[in-house]
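Novice: Numbered according to our numbering, the sequence shown spans residues 135 to 213.
Note that CB positions come from ideal geometry on N, CA and C, so glycine has one too.
From a predicted model like this one, the values you see are computed outputs, not experimental measurements.
Take this structure first; my questions come after.
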Amino acid sequence: MIKAYLKRPVCVERIDELGTGLLDKYEIYSLSGGMWHPHDEVGHSMLCSGYLEWGDWIVTGADGSHWIIPNDTTVCEYR
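Given below as structure tokens:
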């Protein structure tokens, strides 16, 4: 039996203090509803439907879907 796997390219971007342009791109806000600042521990992404922290990664799939990967997972899996 032959199995075929199709890997499509994805875009991976890290949310950090330098990437503040990404806050608007992914609609990231603080839990209180205002702009998310580096001193806030947790933010919420309306586009990704999830919570994230500074240093987490947002992946955009080939179909345009988005999901959040915690930085700890990224470091363990892809180092």
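Report back the beta-carbon spacing between VAL144 and GLY195 to the nearest angstrom; my notes put them in contact at under 8 Å.
Specialist: Yes, VAL144 and GLY195 are in contact; Cβ-Cβ is about 5 Å, under 8 Å.
Novice: Give me the residue from SER183, CYS182 and TRP188 with the minimum Cα distance to TRP170.
Specialist: Selected option, being the one with the closest Cα: TRP188.
Novice: Would LEU186 pass as a contact of PRO204 if the rule is Cβ separation under 9 Å?
Specialist: Closer than 9 Å, so yes.
Novice: Grab the span of the beta strand (DSSP E) containing GLY184 for me, first residue to last.
Specialist: Element bounds for GLY184: 184-186.
Novice: My assumption, with CB atoms under 8 Å, is that ILE192 sits in contact with GLU147. Please give the rounded CB distance.
Specialist: ILE192 to GLU147, Cβ: 5 Å. Contact.
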